[in-house]
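Here is the structure we will look at, set down as structure tokens.
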Amino acid sequence: MNLQKKLPRKFYTRNVHIVAKELLGKFLVRKIGRKYLIGKIVEVEAYDGLVDEAAHTYSGRTKRNEVMFNEGGFLYVYFTYGMHFCSNVVTGKLNEGKAVLLRALEPVNGMEQMAINRFWGKNISAWELKDLTNGPAKICRAFGIAHSENGTDLTGEEIFILASPRINANKIASSTRIGIKKSVDLPWRYYIKNNSFLSRK
DNA sequence: CCACGGATTGGCT
DNA sequence: GCCAATCCGTGGA
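Oh and the first sequence: position 40 is 63 in the working numbering, straight run, nothing missing.
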């Protein structure tokens, strides 16, 4: 794994479904001081802007969703259920309002720190690897992603994604998206088949 | 101004 | 499997 080999802007400015599928198998990196938190992306969902009733941007620009209208390659972080953050990779061109929700990672490096971030205060010795980042809000907890990370440029030094070979199409599965009430039949959740760090089967 | 409910999680039945 | 937790953006009055 080459920490210098960051995905460039042009990776992100393409079609949201292409980017979603190509993000599978790539490595999300958070640099904190000299330490690196790293996880392999194994599950995502595409949110397709104005043609997608389930997308936050469907009804137009608001203060909450404005980062999602950037061109590709920025991090859109939102707060929900009164306690959770979720992160998205913005895709496409300026003002399209499209993004890929990061739903599950396979921890690769910095697991001790992820466990501290996720379970602060309680039972810190009993953490299990597969419970660190197998859900969209868990990723944010483990990686310390919250309000202040909203709008982070993924071509920068703080949070970025490493280039790595594309996952073979026959190892990728799709399904309907999880937890939404609109556009429930669209098969826009993509994940690596049989990976044990998925948020769901 | 106020009421509603959410791209979730974890604990309890 | 069910449901409470706990903010705050959003939309309707």
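C-beta atoms are modelled at their ideal positions from N, C-alpha and C, and glycine is treated no differently.
- DSSP-derived helix/strand/coil call for S110: Sequence index remark: in the first sequence, residue 110 carries index 87 (1-based). Here S110 sits in strand by DSSP.
- Message: The alpha helix (DSSP H) that contains K54, what's its start and end?
- Response: Along the first sequence, one-based indexing puts residue 54 at 31. Segment F50 to I55 is the beta strand (DSSP E) holding K54; no alpha helix (DSSP H) there.
- Query: Quick one, are the C-beta atoms of N157 and A196 less than 8 Å apart?
  - Reply: Locating residue 157 in the first sequence gives position 134, counting from the first residue. Locating residue 196 in the first sequence gives position 173, counting from the first residue. No, Cβ-Cβ distance for N157 and A196 is not below 8 Å.
- Query: Under the DSSP definition of a beta bridge, which residues are partnered with G62?
  - Reply: In the first sequence, counting from the first residue as 1, residue 62 sits at position 39. Paired residue(s): L51 and P130.
- Item | Proximity to A138 [Cα-Cα], best of V123, F166 and A122 | As a first step, residue 138 is located in the first sequence; it is residue number 115 there, counting from the start. Among V123, F166 and A122, the Cα nearest to that of A138 belongs to F166.
- Message: Taking 8 Å as the cut-off, does the stretch 69 to 80 touch the stretch 52 to 59 (at least 3 CB pairs, one atom from each stretch)?
- Response: no
- What are the boundary residues of the alpha helix (DSSP H) that includes Y81? Position 58 of the first sequence, counting from 1, holds the residue named residue 81. Counting along the chain, Y81 falls outside any alpha helix (DSSP H), and DSSP gives it neither H nor E.
- Item | Straight-line gap, S110 to N118 (C-alpha atoms, nearest Å) | Here residue 110 is taken as the residue at index 87 of the first sequence, counted from 1. Here residue 118 is taken as the residue at index 95 of the first sequence, counted from 1. Their Cα atoms are separated by approximately 19 Å.
- Item | DSSP bridge partner residues for K121 (one or two, in chain order) | Against the first sequence, residue 121 aligns to sequence position 98. Paired residue(s): D71 and T114.
- Under 8 Å between the Cβ atoms of M91 and H107? To locate residue 91, count along the first sequence from 1; it is residue 68. To locate residue 107, count along the first sequence from 1; it is residue 84. No.
- Query: Which one of K204, N132, S82 and L152 has the shortest CA to CA distance from V52?
  - Reply: Reading the first sequence from its first residue, position 29 is the one you call residue 52. Considering only alpha carbons, the answer is N132.
- Task: State the DSSP-derived secondary structure class of L30, mapped to helix, strand or coil.
- Result: Counting from one through the first sequence, the residue named residue 30 turns up at place 7. Here L30 sits in coil by DSSP.
- Host alpha helix (DSSP H) of A196 (start-end): The residue you call residue 196 lines up with position 173 of the first sequence. No alpha helix (DSSP H) holds A196; the beta strand (DSSP E) holding it covers I195 to S198.
- Assumed close pair S219, K161 - CB separation to whole angstroms, cut-off 8 Å: Here residue 219 refers to the residue found at position 196 of the first sequence. Here residue 161 refers to the residue found at position 138 of the first sequence. Actually they are not in contact, since the Cβ atoms of S219 and K161 sit about 15 Å apart, beyond 8 Å.
- Whether P241 touches L124 by CB criterion (8 Å): Since the displayed the chain opens at 24 and closes at 224, residue 241 lies outside it and no answer follows.
- Item | Nonlocal neighbours in the same chain, by C-beta distance under 7 Å from F142, ignoring five residues either side | Position 119 of the first sequence, counted from the first residue, corresponds to residue 142. Excluding positions up to five away in sequence, the list reads W150.
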